[in-house]
Amino acid sequence: MFADALERVGVTLSRTSAATFEATITDAVDPPAVGVPLTGTPVSLAETPVSLDPTPAELRRATTGVTPASLAVADYGSVALPCRSDGAELVSLFVDRHVVVLDESAVTPDMETAFERFAESPSDSESQSGPESRILATGPSATADMGALVQGAHGPKDVTAILVED
Amino acid sequence: MGTDRDYERLMRTEGPSVRQNTLAFNEGRYDSVARLDDYEALKSEARAIKEDAIERLPDLIEELREAVAEQGGHVYLADDAEDANDYIREVVAERDADRVVKSKSMTTEEIEVNEVLEADGVDVVETDLGEWVLQVADEAPSHIVAPAIHKSREGIADLLNERFDPDPPLETAEELTEFAREHLGELIESAEVGMTGANFIAADSGTIALVTSEGNARKSVAATDTHIAVAGVEKVVPSVADFAPFVELIGRSGTGQDITSYISLLSPSNQTPVVDFADDETPLSELDGDRDFHLVLIDNGRTAMREDDQLRETLYCIRCSACSNSCANFQSVGGHGFGGETYSGGIATGWEAGIEGLDTAAEFNDLCTGCSRCVDACPVEIDIPWINTVVRDRINRGADESAFDPLVDGLTPDEEDSGSPPLGKRFFGNFETVAKLGSATAPVSNWLADLGPNRWFMERALGVDRRRDLPEFRRETFREWAANRTSATAAVESVDSRVVVYPDLYTNHVRTERGKATVRTLEALGCEVVVPPVRSSGRAPLSQGMIRTATDHAEAVVATLSEYVAEGYDVVVVEPSDLAMFEREYERLLDSESDALSSVTDRTYEVLEYVYGLVTQRDAPVDRLTGPGDGHAEAGPDAGGTAAGGRSGDHPGVVYHSHCQQRTLDLEAHTVAVLEQLGYDVATTDVECCGMAGSFGYKTDYYEVSMDVGEQLRGQLDADGNRDRVPVASGTSCLEQIESLIARRPTHPVRLIEPGDR
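Chains as they are written, first to last, in the numbering used here: chain A, 2 to 167; chain B, 511 to 1268.
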């Protein structure tokens, strides 16, 4: 169902395992690529062409941003992007292509479950002074304000989801 | 209420874009809500959350203040626009900001904060592409979700090419979007303050939800070090978990998307690092997220609305725009015609009355005809037509009483007790008196009414447009006819129903043939039928905002009908707007717990709905009715005319326009099913409303709008495949409008199926 929903909202899905992740991510990014640590997943960007923890200027030069999703909503094809001190929100937003990485266990069935999770464990990240901020993202940014539907408004024009399976 | 708005100009210049876009939104809404497992339950859940939150609002605001303060943020509760603007100015000045970048927010439009900041020398940039186009064009939003809905792609291209002179000139939507993205991207990255609205706010965590698609709200917050969120106090709900039904409903209800691209859930302790995009030294993880957060909660009349039993529902509004999109008049004139200082569409009457006052609401309130097409579309189940009626009633009571002409007062005896509606409204509202006089003196009354000087007088004094044909009163009313005949119930063993056919005003005085056809049809199906004297429903006064008068009618109608129901009668109603009155508005006018009312509404049916029940559940002899091959022996004035003759074997089929309120009550299907069972080939229209909407289309102020709306219906009735079909409609207004739109004579469905002389 998650796969169907992603297709409907215009997100490319790549399934991978920890072993094949490096090849999958290399394939998915359009360089130059920057990223933040993939918390909540068993994989890492360390051995990939993605530059971890970029400077703001490096981020502006990048074409692709790679960030983790803490949760996904199967029937909508939505992913929850945490806004943390590592700058994930910036890396997922100020780029043309966003690659989001998530563990298959992060997929929840529906919106009600997702929001119960948000409300129950508001602060599921490291040292936080309050509830975590997050973006529930569904597909690329879009607008219909210029006379027709256009994918790629202020945010990413293109989104790929990499689902890490056992 | 007179209006000096130039609807003709709006319909010409903005109407085509507005219609095209709102129709696309509606189509998306129908498809999108159909994909939900239980749309109705989700709406009820959303409604319940809002009811509870508004009930507990003071406590929730206190809880919210604490949650935000604990995380180092600030909540400012502003009494009014000026108070809010003073606070925002202070925050911007303290930050020493040169530029504020904004995402779309109707509440900031409401307080007109842009003008205030600009006067301080601050560069205020709207970053939502639609809002930015309007900022460049120096125009106001015409739709609460798609602010530039009235502008075409060509118009936007001309505007940007003229202002920015790009080389090569912009043409496609992609080029326009890319240009705006680049232009605004630079402005966002060098701004100090990001200002957003808030669609929902969680009291327990201080988390705000922003519902967006472009990514500009995300950027405006992430790229700046000061975030000011501006929202009405009504946006507060208990917890983030309460956001879920709204997140599922808001996009579907508005633009017809299952969900928008981004739902930002931002807490006051948002950790996203504050960056300088020129910095090529410091990695993101070493920059801190030291961002100031200010939540400005605006009262601006909302507390008073909360205390107001009638306007309170307005506060449940989530500003989705469904009531705009589903409104036939909005589709024609857009929000510049059907809107106030800030808000537009049906719910705007509640907002503008509460925030700006009755004068502002009075400027556009009459564009709500009460057709009720927005009622099913509203994700929080607000009875938007009722709010419009209440506000109209209040406007009437505030009207100038010295303007009355004593000569015509005789026609309008039901003067409301304190303050009276304007003369034209009282004329339309007291149509019962007019109709009684009309029948009593017919045909002379009809000849007189049509004389030139009288039409001139009616237009000048009463606002009845000269271009409309007036209803033709019958000398013998439907009730008189029924009283003077011997009933002819066919012996049918399986059916033993006793039925009251409600003699609504139009059926009784004007379109008597459809009443007679109803009696004949029900008798043929084995019912014992009576047509007792019952007062008119009160629809006419209610639509003019004369609530007190309408309540008198409601009480009388329920008193009479409940006696019949107690004796075992069912009630059959021919006129859908009266049926809707019984089913919907009477609950508002009378004690909703009233046993008498529920006893009546439980046993009340639209005529074809009743026929459907008799035929499908009680084996009534449907073959006694007239199918396409049977042909009618007689043709009355509201029969189908030449095309409806139904010559055996070559019936052209019918094209059925269901009444707006009938569709809201889910009663279109019954008529279609009965016609199809009898063998008619049925096509249907899908326009929201015929445009006549009771008295609306008769009013000089709105004749042009009414005809523009009607033009959509004409297009469907005369479309390929429908052109030769017999037009069929259930509502009086619809029949009259269709008569003025096309050459074929429309007929009521019961006239089509009534038993012939066999």
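Glycine included, each C-beta is placed from N, C-alpha and C at the ideal position. The structure displayed is predicted, hence computed values, not measured ones.
Pull the bridge partners of residue i from the DSSP assignment, please.
i: Phe803 of chain B; result: B:His737
i: Leu1262 of chain B; result: The partner list for Leu1262 of chain B (beta bridge, DSSP) is empty, contrary to what the question assumes.
i: Glu1038 of chain B; result: B:Arg1008
i: Lys745 of chain B; result: Answer by DSSP bridge pairing: none, since Lys745 of chain B is not bridged.
i: Ser79 of chain A; result: A:Val74
i: Leu947 of chain B; result: Leu947 of chain B is not bridged to any residue.
i: Ala1050 of chain B; result: Beta-bridge pairing links Ala1050 of chain B to no other residue.
i: Leu60 of chain A; result: Paired residue(s): none; Leu60 of chain A is not in a bridge.
i: Thr109 of chain A; result: A:Val74
i: Thr68 of chain A; result: A:Val101
i: Leu961 of chain B; result: Note: Leu961 of chain B sits in no beta bridge, so no partner.
Is residue i helix, strand or coil when you go by DSSP?
i: Phe787 of chain B; result: coil
i: Thr13 of chain A; result: strand
i: Ile163 of chain A; result: strand
i: Cys84 of chain A; result: strand
i: Phe710 of chain B; result: strand
i: Gly156 of chain A; result: coil
i: Leu1 of chain A; result: This structure does not reach residue 1 of chain A, given that chain A is present from 2 up to 167, and the question cannot be answered.
i: Lys661 of chain B; result: coil
i: Pro489 of chain B; result: Only positions 511 to 1268 of chain B appear in the structure, and residue 489 of chain B is not among them; the question remains open.
i: Val92 of chain A; result: helix
i: Ser1168 of chain B; result: coil
i: Glu636 of chain B; result: strand
i: Val750 of chain B; result: helix
i: Leu1135 of chain B; result: coil
i: Gly725 of chain B; result: coil
i: Thr138 of chain A; result: For the record, residue 138 of chain A in the displayed sequence is Ala; it is not Thr. It is a strand residue.
i: Arg609 of chain B; result: strand
i: Gly844 of chain B; result: helix
i: Asp979 of chain B; result: coil
i: Tyr772 of chain B; result: strand
At a CB-CB cut-off below 7 Å, which residues of chain B make contact with residue i?
i: Val151 of chain A; result: Ala683, Glu684 and Thr687
i: Glu59 of chain A; result: Asp790
i: Phe119 of chain A; result: Val750 and Leu775
i: Leu94 of chain A; result: Gly725, Arg728, Lys729 and Ala732
Can you give me the C-alpha to C-alpha distance between residue i and residue j, rounded to a whole angstrom?
i: Arg965 of chain B; j: Ala1179 of chain B; result: 40 Å
i: Glu166 of chain A; j: Phe3 of chain A; result: 14 Å
i: Phe983 of chain B; j: Glu942 of chain B; result: 12 Å
i: Tyr1074 of chain B; j: Val1040 of chain B; result: 10 Å
i: Pro931 of chain B; j: Met1091 of chain B; result: 21 Å
i: Ile136 of chain A; j: Cys1244 of chain B; result: 48 Å
i: Ala154 of chain A; j: Leu639 of chain B; result: 8 Å
i: Leu821 of chain B; j: Cys830 of chain B; result: 18 Å
i: Thr1031 of chain B; j: Leu1135 of chain B; result: 7 Å
i: Ala647 of chain B; j: Leu670 of chain B; result: 9 Å
i: Glu1093 of chain B; j: Val1011 of chain B; result: 16 Å
i: Gln645 of chain B; j: Phe848 of chain B; result: 21 Å
i: Gln1127 of chain B; j: Ala992 of chain B; result: 27 Å
i: Tyr540 of chain B; j: Asp790 of chain B; result: 50 Å
i: Val703 of chain B; j: Asn709 of chain B; result: 19 Å
i: Asn906 of chain B; j: Gly850 of chain B; result: 18 Å
i: Leu961 of chain B; j: Arg1045 of chain B; result: 30 Å
i: Gly1207 of chain B; j: Gly1025 of chain B; result: 24 Å
So residue i contacts chain B; which residues on that side make the cut at Cβ distance below 8 Å?
i: Ser45 of chain A; result: Near Ser45 of chain A there are no residues of chain B at all, since even the closest Cβ is about 15 Å away, more than 8 Å.
i: Ser142 of chain A; result: Ser723, Glu724, Gly725, Ser771 and Tyr772
i: Pro55 of chain A; result: Pro793 and Leu794
Starting from the beta carbon of residue i, find every residue of chain A whose beta carbon is closer than 8 Å, and list them in chain order.
i: Val757 of chain B; result: Met112, Phe116 and Leu137
i: Glu580 of chain B; result: Gly131
By the criterion of Cβ-Cβ separation under 7 Å, what are the contact partners of residue i in chain A?
i: Arg691 of chain B; result: Ala154 and His155
i: Gly640 of chain B; result: Asp146
Identify the contact partners of residue i in chain B, using a Cβ-Cβ distance below 9 Å as the criterion.
i: Asp97 of chain A; result: Per Cβ cutoff of 9 Å: no residues; Asp97 of chain A is ~10 Å from chain B at best.
Inside the segment 524-600 of chain B only - alpha helix (DSSP H) runs reaching at least 4 residues: 525-544, 549-565 and 567-580
Segments assigned beta strand (DSSP E), at least 3 residues, entirely inside the segment 1065-1127 of chain B: 1079-1083 and 1114-1116
Minimum length 4: unbroken alpha helix (DSSP H) runs contained in the segment 1174-1235 of chain B: 1178-1187 and 1213-1227
Start-end ranges of the beta strand (DSSP E) lying completely within the segment 670-718 of chain B, minimum 3 residues: 703-706 and 710-712
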